[in-house]
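Colleague: Dumping the structure here so I can ask a few things about it.
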Amino acid sequence: MTELLNIDIQATFLNLLNMIVTIINLVGVMIVIWGFVVAALAFIHLKRHHHTTLFFLKEANTIRAVLGTYILFGLEFMIAADIIHTFIKPTQEDLIVLATIVAIRTVISYFLGREVDEARHDQDLAHRLKHSKEVNQ
Numbered sequence: 030m031t032e033l034l035n036i037d038i039q040a041t042f043l044n045l046l047n048m049i050v051t052i053i054n055l056v057g058v059m060i061v062i063w064g065f066v067v068a069a070l071a072f073i074h075l076k077r078h079h080h081t082t083l084f085f086l087k088e089a090n091t092i093r094a095v096l097g098t099y100i101l102f103g104l105e106f107m108i109a110a111d112i113i114h115t116f117i118k119p120t121q122e123d124l125i126v127l128a129t130i131v132a133i134r135t136v137i138s139y140f141l142g143r144e145v146d147e148a149r150h151d152q153d154l155a156h157r158l159k160h161s162k163e164v165n166q
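When we follow the numbering used here, the leftmost residue of the sequence shown carries the number 30, and every step to the right adds one.
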């Protein structure tokens, strides 16, 4: 009887963890989708208003940085879900799959992070150039 109760508790706990993993993955996906919506709406707004090329490029870089930030944040949730999922079923195959997924997502995060930093740097540079032109006039 005790063994049967122990199996039920263990199965319930595993089911709960699986639900948590699913929720964390969904949160990560929703963050990425929300970032896409925010960036797409900002880009549509930018395209509808005709501005100078410099302004357009500056704002487009800002939008890219915003989208990249959302993607990075969403990926962090997905990596966390993968790690928790591996604790549930720690077979050698699952560990290899986890290592591969984490490696791929880490590389994506690294390059997206660099791109976001470059976009912010370009935005800061454009702001400083604009400010220096205003001061010199």
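Just so it is clear, CB atoms sit at the ideal spot from N, CA and C, and this is done for glycine as well.
All of these numbers come straight from a predicted model, not from anything done at the bench.
1) Taking DSSP as the reference, what is the three-state secondary structure of K159?
2) Going by beta carbon distance, what residues of the same chain come within less than 8 Å of V67, once the five residues before and after it are set aside?
3) So K87 is in the alpha helix (DSSP H); what residue range does that whole segment cover?
4) Smallest Cα separation from A40: which of K159, E147, K118 and V126?
5) Thinking C-beta only, is A110 closer than 8 Å to V50?
6) Buried or exposed: which applies to K87, given that a residue is buried once 16 or more other Cβ atoms fall within 10 Å of its Cβ?
7) Which of the three DSSP states is assigned to H150 in this structure?
8) Could you check which residue in E105, I38, L75 and M59 has the C-alpha nearest to that of S138?
9) Among residues of its own chain, excluding the 5 on either side of F72, which ones have a beta-carbon nearer than 6 Å to its beta-carbon?
10) Let me check understanding here. Comparing Cα to Cα, which of G103, H78 and I36 lies closest to I62?
11) For R134, which residues from the same chain have a beta carbon less than 7 Å from its beta carbon, with the 5 sequence-adjacent residues on both sides left out?
12) Find the nearest neighbour of L141 within the set F116, N90 and E122, judged by alpha-carbon distance.
Modeller: For this structure:
1) Start at 1 with the first residue of the sequence shown, and residue 159 comes out as number 130. K159 falls in the helix class under three-state DSSP.
2) Locating residue 67 in the sequence shown gives position 38, counting from the first residue. So the qualifying residues of the chain are V95, L96 and Y99.
3) Residue 87 sits at position 58 when you count from the first residue of the sequence shown. From DSSP, the alpha helix (DSSP H) with K87 extends over T82 to I117.
4) Reading the sequence shown from its first residue, position 11 is the one you call residue 40. With distances taken between Cα atoms, A40 lies closest to K118.
5) On the sequence shown, residue 50 is found 21 positions in, with the first residue counted as 1. On the sequence shown, residue 110 is found 81 positions in, with the first residue counted as 1. Yes.
6) Here the question's residue 87 lines up with position 58 in the sequence shown. K87 should be labelled buried.
7) Along the sequence shown, one-based indexing puts residue 150 at 121. Note: H150 maps to helix in three-state DSSP.
8) Position 109 of the sequence shown holds residue 138. That would be E105, whose Cα lies nearest to the Cα of S138.
9) Against the sequence shown, residue 72 aligns to sequence position 43. Excluding residues within five positions, the ones whose Cβ falls inside 6 Å are I92.
10) Locating residue 62 in the sequence shown gives position 33, where the first residue counts as 1. Residue G103 is the option with its Cα nearest to I62.
11) Numbered from 1 along the sequence shown, position 105 holds the residue referred to as residue 134. Excluding sequence neighbours, R134 sits near L104, M107 and I108.
12) Sequence index remark: in the sequence shown, residue 141 carries index 112 (1-based). Measuring from the Cα of L141, the nearest candidate turns out to be N90.
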